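Count along the sequence shown starting at 1, add 255, and that's the number in this note's numbering.
Presented below is the structure to which this report refers.
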Amino acid sequence: MAATDERADRLPVDHRSPRDRAASAVRSRPPITDDPAAPPLPEPRGPISAALHDILRDVPSPSTPPVDTADPYGDDLHLALHMCYELHYHGFESVHPDLEWDPGVLRLRADMEDRFLTALLDDVSGGRDLDGELNALTTAPAEAQGVGGFLDSQGHWWHVREYFVHRSIYHHKEADPYVWAIPRLRGQAKASLVAVEFDEFGAGRGDRVHARLFADLLEGADLSSDYLHYLAVVPAPMLALVNMMSLFGLHSRWRGALVGHFATVEITSPPAARRMADILRRLDADPACIRFYTEHVEADAVHEQVMRHEVIGDLLRQEPDQAASIVFGIQATALLENRIDQHLLDSWRADRTSLRDNELIKPD
Ligand SMILES: [Fe+2]
Ligand SMILES: [Fe+2]
Numbered sequence: 256m257a258a259t260d261e262r263a264d265r266l267p268v269d270h271r272s273p274r275d276r277a278a279s280a281v282r283s284r285p286p287i288t289d290d291p292a293a294p295p296l297p298e299p300r301g302p303i304s305a306a307l308h309d310i311l312r313d314v315p316s317p318s319t320p321p322v323d324t325a326d327p328y329g330d331d332l333h334l335a336l337h338m339c340y341e342l343h344y345h346g347f348e349s350v351h352p353d354l355e356w357d358p359g360v361l362r363l364r365a366d367m368e369d370r371f372l373t374a375l376l377d378d379v380s381g382g383r384d385l386d387g388e389l390n391a392l393t394t395a396p397a398e399a400q401g402v403g404g405f406l407d408s409q410g411h412w413w414h415v416r417e418y419f420v421h422r423s424i425y426h427h428k429e430a431d432p433y434v435w436a437i438p439r440l441r442g443q444a445k446a447s448l449v450a451v452e453f454d455e456f457g458a459g460r461g462d463r464v465h466a467r468l469f470a471d472l473l474e475g476a477d478l479s480s481d482y483l484h485y486l487a488v489v490p491a492p493m494l495a496l497v498n499m500m501s502l503f504g505l506h507s508r509w510r511g512a513l514v515g516h517f518a519t520v521e522i523t524s525p526p527a528a529r530r531m532a533d534i535l536r537r538l539d540a541d542p543a544c545i546r547f548y549t550e551h552v553e554a555d556a557v558h559e560q561v562m563r564h565e566v567i568g569d570l571l572r573q574e575p576d577q578a579a580s581i582v583f584g585i586q587a588t589a590l591l592e593n594r595i596d597q598h599l600l601d602s603w604r605a606d607r608t609s610l611r612d613n614e615l616i617k618p619d
């Protein structure tokens with residue numbers, strides 16, 4: 256007690272007012288700078304993304320956006336949701352980083368998440384038959400009707416480049432959303448998920464981070480490798496898939512769905528990657544394009560086993576009630592991947608671009 260009093264006696268007395276002390280504290284903080292990867296804010300696609308655009312640029316917004324009547328899979332809602340989530344990754348140029356935790360942004364995000372999740376839950380069959388779902392993924396034949404089949408049988412280089420542009424929205428942050436599962440898992444499930452993530456992040460080598468390998472692929476295809484360079488031209492279906500990952504990652508209650516989604520990616524990847532590598536060889540693509548897929552043929556053959564038996568298996572031993580959530584993650588992934596496929600095939604069969612504007616990706 257006496258020692259504390261003596262120490263207090265030695266401390267200099269600060270005679271400044273609380274307001275002056277606060278102002279001084281603000282001045283002494285490091286300056287706020289943009290994350291160098293931060294892309295520009297994309298142009299709005301409707302009233303919700305316009306309202307959010309105003310909030311992020313600190314412009315007074317005249318109205319409350321109509322989230323409850325928005326198309327739950329539409330461009331306006333998914334661009335706005337993507338903008339909200341991006342604040343948790345690299346943010347946007349000239350957007351204050353504190354908006355990541357702004358109550359108004361979070362309230363709008365929650366309304367959009369509710370609209371999106373309600374639609375997903377309504378549009379999948381649900382249930383708890385996890386073995387049935389996983390077996391179906393493992394034994395699914397390489398469909399002749401899907402995008403892989405189209406590219407295989409009649410794909411031209413411009414189709415492939417458009418496909419890369421869509422996929423860039425995810426691969427620029429490949430495996431990042433799954434990191435949010437780590438603090439929500441325990442024991443073997445945690446250890447095994449981290450082991451898969453270690454590979455996704457290059458096993459200690461920056462030049463082998465899978466997002467970097469995809470950036471190399473983009474450069475090999477004469478496309479920009481800048482982070483989210485193509486956000487403005489990618490339509491809702493791909494944004495919805497990436498938004499679902501962020502949504503599952505940012506809410507601990509959806510940890511099972513996040514694991515189910517991640518397992519789906521790993522289980523379905525090897526045959527799809529093998530086919531893409533063959534397509535790219537046939538088109539005489541740059542080796543960097545082929546390398547991205549050959550890397551995934553090998554790595555994901557291991558990852559699918561780890562995800563299925565060690566991550567899902569152990570999570571279910573600890574939390575049997577997560578089965579329905581994991582099934583939901585698998586089914587919602589299939590639903591949104593099918594919507595992407597449908598959009599690409601509808602566009603290409605009509606011999607038109609699948610992008611909102613393909614000026615950015617010329618020349619072919
Ligand atoms: Fe990967
Ligand atoms: Fe993987």
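Think of the CB as a built atom: it goes at the ideal place given N, C-alpha and C, for glycine as much as any other residue.
Please read all numbers here as calculations on a predicted model, not as lab measurements.
Mind checking which residues open and close the alpha helix (DSSP H) that includes residue i?
i	result
glycine 459	Premise fails: glycine 459 is in no alpha helix (DSSP H) and is neither H nor E.
tyrosine 485	Segment: none, tyrosine 485 is in no alpha helix (DSSP H) and carries neither H nor E.
arginine 529	510-537
isoleucine 585	578-604
serine 304	302-311
alanine 293	Unbroken run through alanine 293: none, as it is neither H nor E.
tyrosine 328	Neither: tyrosine 328 is in no alpha helix (DSSP H) and is coded neither H nor E.
threonine 549	542-560
serine 408	402-409
Report the rounded CA-to-CA distance for residue i versus residue j, giving the unit in angstroms.
i	j	result
threonine 549	alanine 335	34 angstroms
alanine 430	arginine 467	12 angstroms
lysine 617	arginine 546	23 angstroms
glycine 403	tryptophan 412	13 angstroms
leucine 615	isoleucine 424	15 angstroms
histidine 558	aspartate 369	32 angstroms
histidine 333	tryptophan 603	23 angstroms
arginine 607	glutamine 577	43 angstroms
alanine 605	glutamine 409	13 angstroms
aspartate 437	glutamate 455	In the sequence under discussion, the amino acid at residue 437 is isoleucine, which differs from the aspartate named in the question. Cα to Cα, the separation comes out at about 14 angstroms.
glutamine 400	tryptophan 356	43 angstroms
alanine 257	proline 285	Here alanine 257 scores only 43 on pLDDT, less than 50, and its place in the model should not be relied on; the value that follows carries that caveat. When rounded, the distance between both Cα atoms is 38 angstroms.
glycine 382	valine 497	24 angstroms
lysine 428	arginine 537	28 angstroms
histidine 414	glutamate 298	25 angstroms
proline 295	tyrosine 482	10 angstroms
alanine 470	methionine 367	30 angstroms
Exposed or buried, what is residue i when buried is set at 16 or more other beta-carbons lying within 10 Å of its beta-carbon?
i	result
leucine 363	buried
phenylalanine 453	exposed
valine 314	exposed
threonine 288	exposed
asparagine 390	exposed
glutamine 597	exposed
Within 8 angstroms of any Cβ in chain D, is that where the Cβ of residue i sits?
i	result
aspartate 477	Note that chain D does not occur in the displayed structure, where there is just one protein chain.
Meets three-Cβ-pair contact criterion under 8 angstroms: the stretch 533-545 and the stretch 593-612
These segments do not touch.
**Asked** So does the stretch 568-580 actually touch the stretch 444-463, counting three or more Cβ pairs closer than 8 angstroms?
**Response** Result yes; three or more Cβ-Cβ pairs closer than 8 angstroms.
- Message: Measuring CB atoms only, is the stretch 473-484 touching the stretch 532-542, in the sense that at least three cross pairs come out at less than 8 angstroms?
- Response: Yes, the stretch 473-484 is in contact with the stretch 532-542.
Discussion item. I'd like to know if the stretch 479-488 and the stretch 324-331 are in contact, where contact means that at least 3 CB-CB pairs between them fall below 8 angstroms.
Written reply: No, the stretch 479-488 is not in contact with the stretch 324-331.
* To do: Could you tell me whether the stretch 508-518 touches the stretch 334-349, where touching means 3 or more Cβ pairs closer than 8 angstroms?
  => Because the criterion of three Cβ pairs below 8 angstroms is not met, the stretch 508-518 and the stretch 334-349 do not touch.
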